[in-house]
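Protein chains in written order, with my numbering: chain A, 1124 to 1680; chain B, -7 to 192.
Quick reminder that beta carbons are idealized off the backbone N, C-alpha and C, glycines included.
Treat the numbers as computed from the prediction; the structure is a model and nothing was measured.
What follows is a single structure, written as structure tokens, with notes after it.
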Amino acid sequence: MRILVLSLLRVGDFIMQESIIEDLRTEYPQAELHLLINDVSEKYIRESGKYKNIHILPRAQIQRSLVESDRPKLSAYFSLQKLVKTLNEFHFDQIINFSHTMFSARIMDLLCAGEKSGMRFQESRVVRPDNLWLRFINENFSRNLNSPFQGIDLLRQAHSIPRHTSHKSPLSALAKKGNIQKIAIQVLTSDQKKNWPMKNFAELVALMNLNHPHLEISILGAPNEEEIIRQTFSEKLNCKIQILNWTDLKSFLLHTDLLITGDTSVQHLAAQVGTPLVSLFLGSANPEKTAPMQADAVILQPRTHCAPCLHSKSCFRETQICAEDLAVNCVSSVIDSRILNQELPQIQSHIWQVSTNKNGIIFLKKISKGAEVTNLNRFLEQLTWQIYLDRGHLETAGPFGSASYMFIEEHSRELARPTSLAVIQTGLQNRLFEFQTHELFIDRLETNFRKQMTPFLLNQTEASSSAFKNLLMDEVTNHLFGKPSGKNYFFTLLETLNIEEPPFQQLKKIKECLQESRALIEIELKLIKSILVELNERNFIYVARTRTLFDLSSAAP
Amino acid sequence: MNHLEEHKTTDGLRTLSRNGRCLCSPRDPQKEAEEWLSRQKIHSEDRTVVVLGLGAGYHLIALVNKFPKLALKVIDLDDEIFQTTKSWIELLRQTSPQIQCYNHESAASLSCLEYDLVLNFRPAWAGLENQYMVEYFRLTQNSASSLARAAEENRLEVTSQGLKDKISSIDFSLKDLDFVGADGGNEEVKFWRALRELIE
């Protein structure tokens, strides 16, 4: 069996995807695994020595040929044709696309295989997958800035690749070792928007030199970054500059006790080798989508409204306000807490900590005072989406009992504290009330939709179509303005109302989106009710246990 | 008939003129070559470049010195130039695989897969500017008409047809390239649609 995996994104993405590629190998030990990657990832993959069948897409060269006036345009066409021809000669049994880009979807159209999965075109038309997870990647993950799932978890679910590995926390190993001695700092990322200013890093090093003189600090960089790093980190600072290739970097990270980094490939490599992490997510870096796959990793994110911004757009601000929001003393206090093995402090920026639920899916926990309700809502949303995308709600019994059991297990620590228990119970009650109003709203929306559908179908003019859509849009927006919780469940509906399409097609899509919103709201309602029942039963058992048997017998006359 | 004439700079460097027009700087051709080279966008991944215009050849020496691994295909539309320049440029006398020389006829056989970039050394075009521009467009396919012609030569029928109505457009971009009415299952169309995604 021959399998081709398309991983046509950047190095960091490939490093993250390595966990599912490994699991794919474990799942099909006899299969001949081939990789199609971008030229930017070639160095890393070759140096890693883990993969045999590598095919390189000369993406940069092709792009230059297409865009720069002094390069032959047809050579782009012929180099792509040559690559496709070579790949098709392997007669792959299965092709899996791990890159959710339009380009990769078009390449899928050009490649031949017995089975294809992932985003793809067929005869120049988009294939709308039956698999809801895949559809979620195509329609929600790529567009929506919020995501209940980390990108790799989504890919794994979408391609039904069983998990053979788990995201271990390196903190326990570190606790055994004792204190932190070696700290590394990756100062640059590939994107200017994601960089924390170099002078801030220099200040941070100075603070660490002062507060923790025993620390061995290293500044990491690639060969092309050496000059700028040497300019910033003068000899006055007590730190070493390490310019390393991928192989040396990996072994260096293995012997590092803590890495401070931006959202970059080095971060994902550190997560892979088990180096504890403090990551600074600036600009387009979105913790919900690209959080490092390492339990207990800490992510700092500014509170600025424009962050995370779109990856494809440059920063429109005069100054990089997200970087300004993340103050040096805040970052320093978080690092101090890691060094001294203390609880994470309260700072003005967001702090997230990576955890995994019982199914191994990454969950980002917000660390701040009063974050219980935020975490509760996020957890419920993730569970709801999971049930919906697995079509669990369509099963006879439904997974609500096991999901609520999982919720209680995950929140056991909070539920054991009476104050937290009260907050969670109130949070659940409030959410239950809000979702009941969402349910009523969906009822009304569907009735109105049916009423307006006939005149809309009768006069299929552009004016009637846009009036109809505007009316729906206003209704949904007004409703969500008052009740923003669960607004992600209306995302595809709002997106569909924004897109111009032929009336009949649009109508069909709106109907589908309404069904999706209804399903999601109903799932969450059932889930909350189930959790509340479970909580009440547990409390009842607790009270009953103190009063039964022994109490009763001792109280007997 | 072109009339080539040799000159010498004050430093004793040999230069050339054609019909009275200099084919490189008459004062400091080496400095001119260095400045020309600094303006070129040669990428580390480029393996082979075409140089349009040989002239007195100082720019070739600068190019070879800076990029010793780069293969050069030098095109000069004036056959006489090669004979003259060869006599004083050691690089051209060697049968080195690094530099290959082409005239108007042999250049026609160059396939677009044989080079990554086209560099124009305009001083050497003196008097033959129009012919060089035609050659430049042929090599880069940098206009709708030249791309259509190259596509036709390479038997890309849909591409050449798809470009027909774009030939008169001045600001042609591959982003505009679409195949209205073309069969979605056609391989050529699929390739161009994939390539267009890279520049969207």
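Please list, in chain order, the chain B residues whose beta carbon lies closer than 8 Å to that of I1185/A.
As a first step, residue 1185/A must be located in the first sequence, where it is residue number 62. Under the 8 Å cutoff, chain B gives L187, L190.
From which residue to which residue does the alpha helix (DSSP H) around N1621/A run?
Sequence index remark: in the first sequence, residue 1621/A carries index 498 (1-based). Start and end: 1614 to 1621.
Helix, strand or coil: how does DSSP classify T1398/A here?
Along the first sequence, one-based indexing puts residue 1398/A at 275. In the displayed model, T1398/A falls within coil according to three-state DSSP, outside both helix and strand.
Mind reading off the beta-carbon distance from G1172/A to S1388/A? Whole number of angstroms is fine, and I expect it under 8 Å.
Taking the first sequence and counting its residues from 1, one reaches residue 1172/A at position 49. Taking the first sequence and counting its residues from 1, one reaches residue 1388/A at position 265. Contact check for G1172/A and S1388/A: beta-carbon distance about 17 Å, past the 8 Å limit, so the pair fails to qualify.
Would you mind listing the beta strand (DSSP E) stretches within the region 1144 to 1183 of chain A that are 3+ residues and don't spill past its ends, in chain order?
As far as the region 1144 to 1183 of chain A is concerned, its whole beta strand (DSSP E) runs of at least 3 residues are 1155 to 1161, 1176 to 1180.
C-alpha distance - P1468/A paired with A1394/A, whole-angstrom precision:
Taking the first residue of the first sequence as position 1, residue 1468/A is located at position 345. Taking the first residue of the first sequence as position 1, residue 1394/A is located at position 271. Taking the straight line from one Cα to the other gives about 23 Å.
With burial defined as no fewer than 16 other Cβ atoms inside 10 Å of the residue's Cβ, what is the status of M1242/A: buried or exposed?
Position 119 of the first sequence, counting from 1, holds the residue named residue 1242/A. Around the Cβ of M1242/A, a 10 Å sphere holds 16 or more other Cβ atoms; the residue is buried.
Quick one, which of R39/B, Q90/B, P18/B has its alpha-carbon nearest I53/B's?
The residue given as residue 53/B occupies position 61 in the second sequence. The closest CA to that of I53/B, considering only R39/B, Q90/B, P18/B, is found on Q90/B.
Short of 9 Å Cβ to Cβ, which residues in the region 1190 to 1201 of chain A face chain B?
Listed by position, the residues of the region 1190 to 1201 of chain A near chain B (Cβ gap below 9 Å) are V1190, E1191, S1192, D1193, R1194, P1195, K1196, L1197, S1198, A1199, Y1200, F1201.
For L1268/A, I'd like the list of residues in its chain whose CB is within less than 7 Å of its CB, leaving aside the five on either flank, ordered along the chain.
Reading the first sequence from its first residue, position 145 is the one you call residue 1268/A. Excluding its 5 nearest sequence neighbours in each direction, L1268/A has C-beta neighbours in its own chain below 7 Å: N1409, P1431, listed in chain order.
Residue nearest to P1625/A in terms of C-alpha spacing, selected from E1645/A, L1189/A, F1579/A
Counting from 1 along the first sequence, the entry for residue 1625/A is found at position 502. Comparing C-alpha distances from P1625/A to each of E1645/A, L1189/A, F1579/A shows the shortest one belongs to F1579/A.
Just grab the DSSP bridge partners of Y128/B for me.
Reading the second sequence from its first residue, position 136 is the one you call residue 128/B. As far as DSSP is concerned, Y128/B takes part in no beta bridge.
Please check if any C-beta of chain A sits within less than 8 Å of the C-beta of L69/B.
Taking the first residue of the second sequence as 1, we reach residue 69/B at position 77. Not one chain A Cβ lies under 8 Å of L69/B.
Scan the region 90 to 118 of chain B for residues whose Cβ lies nearer than 8 Å to a Cβ of chain A and list them as they occur along the chain.
Cβ contacts with chain A come from C104, L105, Y107, D108, L109, V110, L111, N112.
Leaving out the 5 sequence neighbours to the left and right, which residues in its chain are closer than 6 Å to P1271/A when beta-carbon positions are compared?
Residue numbering aside, residue 1271/A sits at position 148 when the first sequence is read from its first letter. Excluding residues within five positions, the ones whose Cβ falls inside 6 Å are E1504, Q1505, W1508.
Can you tell me which of F1556/A, I1633/A, Q1548/A, A1642/A puts its alpha carbon nearest to the alpha carbon of N1659/A?
The residue labelled residue 1659/A in the question sits at position 536 within the first sequence. It is Q1548/A whose Cα lies nearest to the Cα of N1659/A.
Which same chain residues end up closer than 7 Å to S1227/A when comparing Cβ atoms and leaving out the 5 residues on each side of it in sequence?
In the first sequence, counting from the first residue as 1, residue 1227/A sits at position 104. In chain order, L1129, L1131, N1220, M1242 place their CB closer than 7 Å to the CB of S1227/A, counting only its own chain and leaving out the 5 sequence neighbours on each side.
Closest to L1594/A by C-alpha separation, out of L1620/A, N1553/A, Q1354/A, would be which residue?
Counted from its first residue, the first sequence places residue 1594/A at position 471. Closest by alpha carbon: L1620/A.
Against chain A: residues of the region 151 to 183 of chain B by CB proximity under 7 Å:
Under the 7 Å Cβ criterion, the region 151 to 183 of chain B contributes L166, G176, G177, V181, K182, F183.
Output, in chain order, the set of chain A residues within a Cβ distance shorter than 8 Å of K33/B.
Within the second sequence, the letter at position 41 stands for residue 33/B. E1191, D1193, listed in chain order.
Could you check if N1539/A is buried or exposed, using at least 16 other CB atoms within 10 Å of its CB as the buried criterion?
Along the first sequence, read from residue 1 onward, the residue named residue 1539/A stands at position 416. A small fix is needed here, since residue 1539/A is Ala in this sequence, not Asn. Counting Cβ neighbours within 10 Å, A1539/A comes out exposed, since fewer than 16 surround it.
Beta-carbon spacing of R1251/A, R1258/A below 8 Å
To locate residue 1251/A, count along the first sequence from 1; it is residue 128. To locate residue 1258/A, count along the first sequence from 1; it is residue 135. Less than 8 Å separates the beta-carbon of R1251/A from that of R1258/A.
Mind checking T76/B: buried by the 16 CB within 10 Å criterion, or exposed?
For the purposes of this step, residue 76/B is taken as the residue at position 84 of the second sequence. It is buried - the Cβ of T76/B has at least 16 other Cβ atoms within 10 Å.
Between T76/B and chain A, is any beta-carbon pair separated by less than 8 Å?
Residue mapping note: residue 76/B aligns to position 84 of the second sequence, counting from 1. No, T76/B does not count as interfacial toward chain A.
Can you list, in chain order, the residues of its chain with a C-beta nearer than 6 Å to that of V1421/A? Leave out the 5 residues immediately preceding and following it.
For the purposes of this step, residue 1421/A is taken as residue 298 along the first sequence, with counting starting at 1. The answer, listed in chain order, is V1401, Q1476.
Tell me which residue opens and which closes the alpha helix (DSSP H) that R1258/A is part of.
Walking along the first sequence from the start, residue 1258/A turns up at place 135. Note, R1258/A: alpha helix (DSSP H), 1255 to 1259.
R13/B, DSSP secondary structure in three states:
For this step, residue 13/B is matched to residue 21 along the second sequence. Strand, per DSSP.
Counting only the same chain and skipping the five closest in sequence on each side, list residues whose C-beta sits under 8 Å from that of K1492/A.
As a working note, residue 1492/A is residue 369 in the first sequence. Within the same chain, K1492/A has close Cβ partners Q1469.
On a CA-only basis, which of H1335/A, L1156/A, L1449/A is nearest S1460/A? Give me that one, please.
The count along the first sequence starts at 1 and reaches residue 1460/A at position 337. Of the listed residues, the one whose Cα sits closest to S1460/A is H1335/A.
Can you tell me whether G1550/A is helix, strand or coil according to DSSP?
Reading the first sequence from its first residue, position 427 is the one you call residue 1550/A. DSSP places G1550/A within a helical segment (H, G or I) once states are collapsed to three.
Check whether the Cβ atoms of G45/B and R114/B lie closer than 8 Å to each other.
As a first step, residue 45/B must be located in the second sequence, where it is residue number 53. As a first step, residue 114/B must be located in the second sequence, where it is residue number 122. It is a contact, given that the beta carbons lie within the stated cut-off.
Three or more C-beta pairs under 8 Å: does that hold for the region 93 to 101 of chain B against the region 57 to 73 of chain B?
Under the three-pair Cβ rule at 8 Å, the region 93 to 101 of chain B counts as touching the region 57 to 73 of chain B.
Kindly indicate which three-state DSSP category A1345/A falls into: helix, strand or coil?
Taking the first sequence and counting its residues from 1, the one referred to as residue 1345/A is at position 222. Coil.
Taking only three categories from DSSP, how would you classify D1386/A?
Reading the first sequence from its first residue, position 263 is the one you call residue 1386/A. Per DSSP, reduced to three states, the secondary structure at D1386/A is coil, with no helix or strand assignment.
Inspect the beta-carbon positions of I1646/A and H1516/A and report whether they are closer than 8 Å.
As a working mapping, residue 1646/A is identified with position 523 in the first sequence. As a working mapping, residue 1516/A is identified with position 393 in the first sequence. The answer is yes: Cβ separation under 8 Å.
Would you mind reading off the limits of the alpha helix (DSSP H) that contains T1497/A?
Position 374 of the first sequence, counted from the start, is the residue given in the question as residue 1497/A. According to the DSSP assignment, T1497/A belongs to the alpha helix (DSSP H) that extends over 1495 to 1512.
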